[in-house]
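Notes follow once the structure below has been shown.
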Amino acid sequence: MSDTTLTPEVEAPSVPLMPLGDLIPYALLTALLAIMLLYFVGAEEGATSVFPGMTLHEFVHDARHLLGFPCH
Amino acid sequence: MDSQKLVRGLLIRGMLAGLVAGVLMWAFGLAIGEPQIRSAIAFEESVSPPSDEAPLVSRSMQETLGLLTGTIVYAVAIGGIFALVFAGVYGRIGRARPRVTAATLGLAAFVVIAFVPFLKYPSNPPAVGLDETIAFRTRVYFVMLLLSVVAAIAAVRLGRDAVKRLGAWNGALVGVGGYLALVVIASLLMPAVKEMPEGFSPDVLWHFRLATLGTHAVLYATLGLAFGALAERWITQAQGGAAGRYRTSSPSAGALRS
Ligand SMILES: [Zn+2]
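These protein sequences, in sequence, are chains B and R. For the first sequence, position 19 matches number 16 in my numbering, and the numbering has no gaps at all. So the number in my numbering is just where the residue sits in the second sequence, counting from 1, plus 1252.
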């Protein structure tokens, strides 16, 4: 068994899953959606505001502090 | 199987692992973080008495449904990005099997997205931080986060080239060292924020900040391990399903055999 160069438990052939080009549409869509979601948890109605009022800010307030975003 | 279906499957698994992580983060945050937030709010109210108006969202709502919503939305969003980064790096950096790749990626993401920005701009409980500087503090926090991510991308490219010339161990060290050098420089150039109010309990602050690190640790441990397990099964299945392609025995068993 000493002729194997790969350790099957931790190693796999170095073959990419897919061409990077195939990932681009998914990457753009996911990044856009994720940034929107992260913005509403992390910053909306704090430093900047899309919706009027502070209800959203107060609703996710504890998560914002706990996750380390500046809050107030 | 075409790569479209493969990447969609990974994306769904990333968000699913994120959903689980969000619930665990909430449980952790409620048990470990909320007591500190309560103490901080008590301090805040002793310094500047609150107005008589009813709050927009009750405190009990903020601690339960509000915190849960926040952690789930955050974790699902990070889980989606995590899955796509995994799809991009798998097979391109090193030759680790899917589970090991995901776990390594989880550790790296914790350092790059949570730990390094935290070291420069640590989390603050309510009452710590001036109202009038919120825009400034938000800006520098996100800039630091961005710099950390850019430094990590640069370090991966640097490390990949170094591995070809210096071998896996020394090449990886060059990559990690490059990342550390870049973030130390970034951290020195970024402005400091010092807004600790007089009389705030250092004990509450310490435990609150530990809770922040713990919450992120829960997130990336869950993503790294749960997504890794799901992704490995999905990839094996997608690539023709040679069962047992990745054996699940312990590394020591492998060492004994060879
Ligand atoms: Zn706050």
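Built from N, CA and C at the ideal position, the CB exists for glycine as well.
Whole-angstrom C-beta distance between residue j and residue i, which should lie under 8 Å
i                             : j                         : result
methionine 1396 of chain R    : proline 1377 of chain R   : Their Cβ separation, rounded to whole angstroms, is 20 Å, which puts methionine 1396 of chain R and proline 1377 of chain R out of contact at 8 Å.
alanine 1469 of chain R       : tyrosine 1431 of chain R  : Wrong, their Cβ atoms sit about 19 Å apart, outside the cutoff.
aspartate 59 of chain B       : glutamate 1315 of chain R : 6 Å
phenylalanine 1479 of chain R : glycine 1266 of chain R   : 6 Å
glycine 65 of chain B         : threonine 1464 of chain R : 5 Å
Alpha-carbon spacing of residue i relative to residue j, whole angstroms
i                             : j                          : result
alanine 1404 of chain R       : valine 1309 of chain R     : 39 Å
tryptophan 1458 of chain R    : alanine 1490 of chain R    : 46 Å
histidine 69 of chain B       : alanine 1379 of chain R    : 8 Å
alanine 1283 of chain R       : glutamate 1305 of chain R  : 29 Å
phenylalanine 1460 of chain R : alanine 1292 of chain R    : 9 Å
valine 1275 of chain R        : glycine 39 of chain B      : 18 Å
isoleucine 1365 of chain R    : valine 1435 of chain R     : 12 Å
leucine 63 of chain B         : tryptophan 1278 of chain R : 10 Å
valine 1259 of chain R        : leucine 29 of chain B      : 17 Å
valine 1352 of chain R        : valine 1402 of chain R     : 23 Å
alanine 1444 of chain R       : serine 1255 of chain R     : 45 Å
leucine 1317 of chain R       : threonine 52 of chain B    : 13 Å
arginine 1409 of chain R      : glycine 1427 of chain R    : 8 Å
proline 16 of chain B         : aspartate 1413 of chain R  : 20 Å
alanine 31 of chain B         : threonine 1323 of chain R  : 13 Å
Cross-chain neighbours of residue i in chain B, by beta carbon under 8 Å
i                       : result
glycine 1281 of chain R : Asp59, Ala60 and Leu63
alanine 1314 of chain R : According to the sequence provided, residue 1314 of chain R is glutamine. The question's alanine does not apply to it. Neighbours of glutamine 1314 of chain R on chain B, chain order: Glu55, Phe56, His58 and Asp59.
Interface partners of residue i on chain R, CB under 9 Å
i                     : result
leucine 20 of chain B : Ser1255, Val1259, Leu1336, Ala1339 and Gly1340
valine 38 of chain B  : Thr1321, Gly1322, Thr1323, Val1325, Tyr1326 and Ala1329
Listed by chain order, chain B residues near residue i by CB distance under 9 Å
i                       : result
proline 1251 of chain R : Only positions 1253 to 1510 of chain R appear in the structure, and residue 1251 of chain R is not among them; the question remains open.
proline 1286 of chain R : Before going further, note that residue 1286 of chain R is glutamate rather than proline in the sequence given. What glutamate 1286 of chain R touches in chain B: Asp59 and Leu63.
Cross-chain neighbours of residue i in chain R, by beta carbon under 7 Å
i                           : result
leucine 29 of chain B       : What leucine 29 of chain B touches in chain R: nothing, since even the nearest Cβ is about 11 Å away.
phenylalanine 48 of chain B : Within chain R, no residue comes near phenylalanine 48 of chain B; the closest Cβ sits about 12 Å away, beyond 7 Å.
Proximal residues of chain B, C-beta to C-beta of residue i below 7 Å
i                         : result
aspartate 1383 of chain R : His69
Notebook entry, point to check: Any residues whose CB sits closer than 6 Å to a heavy atom of ligand 1? List them in chain order?
Noted result: Residues with a Cβ closer than 6 Å to any heavy atom of ligand 1, in chain order: B:His58, B:His62, B:Cys68, B:His69 and R:Pro1378.
Check: Counting pairs of Cβ atoms below 8 Å between the segment 1263 to 1271 of chain R and the segment 1324 to 1333 of chain R, do you hit three or more?
Finding: In short, these stretches touch, since the Cβ pair count reaches three.
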